[in-house]
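What follows is one structure encoded as structure tokens, with my remarks underneath.
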Amino acid sequence: MDDNVEDCPVCLITFNETFRRPRNLPCGHTHCTFCINELKEQGAVTCPTCRVSHALPEAGQFPISYITESFIRKMRGLASVVPKPMKQLTASAPVTQPAPGATAGLSKKTRSLLQEQEAKILAAICSCQEEQSQLADYLITLGGWDGHQQQLEDELQMLVDQSKGARETIRREKCRVEGRQEEVRRREEALHAALQALRTPATRHKVYEVIDNTDNLLEEEERVTVFPDVHVVTTVNKVSVSP
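Our numbering puts the first residue of the sequence shown at 56, with every later residue one more than the last.
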């Protein structure tokens, strides 16, 4: 690939300020907007330099490489300093005009040096204003990213709160189940005792007493609580399927 920093390493076309603006991938490599758009596939882009795959940001585009753009402008400025017209300067940095006749007593060479220096200053002022505009755009982008991260944190906190509630429900259900286990164990022992008494009745009165006791145990068996509890299952599953 070409080592010229002014060119996209994929298409070898010079970066510009429209559809071939340089953009940074998370791996650190820089490519033009057009090439990155061409590389998009199923919400991701594979870097053609290092082959690392990156998920597309929420905004749909990777951040602009302002450092690359600034470096290119400086390189071009070294080759030729071209002052921009005064009307292109904004009112954020007022430019004073030289007083009439201020340079009248100076030599032609000195006036030429002053004009050259003025051109450089005007170009620097324009560069500052352009950079401020780019930084303002970048702040908007950062604000969007920050808002997205805050939304993720809020959703995560909501899931944590739901999980805590579900765990408390599970804890209470475990206590209920353990208590029920003890009840079932005692009832089973009573049923074994009733069965033994039923098989070895001593008197007629004892027979009726055993039958009455057995009926009570069997009625209790019919009133056994159903497990698992529907509310518990619903609560746990609701947290499990949350995004």
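C-beta: ideal position from N, C-alpha, C; glycine also.
For clarity, every value in this text was computed on a predicted model and none was experimentally measured.
Using CA atoms only, rank isn't needed, just tell me which of L94, T101, C82, Q97 is closest to S120. For the residues L94, T101, C82, Q97, the minimum Cα distance to S120 belongs to C82.
Any chance you could list the alpha helix (DSSP H) runs of at least 4 consecutive residues sitting entirely within the stretch 152-239, in chain order? Here no run is fully enclosed.
Kindly indicate the opening and closing residues of the beta strand (DSSP E) around C102. C102 -> no beta strand (DSSP E), and no H or E assigned at all.
Opening and closing residue of the alpha helix (DSSP H) in which N71 lies: Looking at the DSSP string, N71 is not in any alpha helix (DSSP H), and its letter there is neither H nor E.
With 16 other CB atoms within 10 Å as the buried threshold, where does L194 fall? The residue is exposed, with fewer than 16 neighbouring Cβ atoms inside 10 Å.
In the DSSP output, what is H109 paired with across the bridge? For H109, which the question treats as bridged, DSSP gives the partners V100.
In whole angstroms, what is the alpha-carbon distance linking C105 and H84? The straight-line gap from Cα to Cα measures roughly 8 Å.
Please confirm whether C63 and C102 have their CB atoms less than 7 Å apart. If you check the CB distance, C63 and C102 do not come in under 7 Å.
Determine the extent of the beta strand (DSSP E) in which T85 is found, giving its start and end residues. Start and end: 85-87.
For E243 and Q206, I'd like the C-alpha separation in whole angstroms. Roughly 54 Å separates the two Cα atoms.
Contact check, V65 vs H86 under 8 Å by CB: the rounded distance? Rounded, the Cβ-Cβ distance is 5 Å, consistent with contact.
Quick one: using the 10 Å Cβ neighbour count with 16 as the cut-off for buried, is F74 buried or exposed? Burial state of F74 is exposed, judged by a 10 Å Cβ sphere holding fewer than 16 other Cβ atoms.
Starting from D62, follow its DSSP beta bridges and name the residues at the other end. Bridge partners of D62: T69.
Determine, using beta carbons only, whether T290 comes closer than 7 Å to chain D. Looking at the structure shown, chain D is missing, and only one protein chain is on hand.
Give the single residue among I180, Q172, V232 whose Cα lies nearest to the Cα of P283. When only C-alpha atoms are compared, the closest one is V232.
Beta-carbon contacts of T196 that lie in its chain and below 8 Å, excluding the five residues immediately before and after: Same-chain partners within the cutoff: A114, P118.
Taking C-beta to C-beta, are T69 and R78 nearer than 7 Å? Not in contact: T69 and R78 (Cβ atoms no closer than 7 Å).
Counting only the same chain and skipping the five closest in sequence on each side, list residues whose C-beta sits under 8 Å from that of V100. The beta carbon of V100 sits closer than 8 Å to the beta carbons of L80, I91, L94, S108, H109, L111, F117 from its chain, once the five residues preceding and following it are set aside; these are given in chain order.
Within 10 Å of its beta-carbon, does L21 have 16 or more other beta-carbons around it, so buried, or fewer, so exposed? Summary: the structure shown does not reach residue 21, with the chain confined to residues 56 through 298, and so no result is reported for it.
Do you know offhand how far A191's Cα is from Q97's? Cα to Cα, A191 sits roughly 31 Å from Q97.
Straight-line CA distance for K129 to K219? C-alpha of K129 to C-alpha of K219: approximately 57 Å in a straight line.
Euclidean distance between Cα positions of E171 and G198: Cα-Cα distance, rounded: 41 Å.
Buried versus exposed, by CB contacts within 10 Å (16 or more), L177: So L177 ends up on the buried side.
A221 vs V291 beta-carbon contact at 7 Å: At the C-beta level, A221 and V291 come within 7 Å of one another.
Which residue's Cα is closest to the Cα of Q184: T224, A245, S125, K229? Comparing Cα positions, the closest option is S125.
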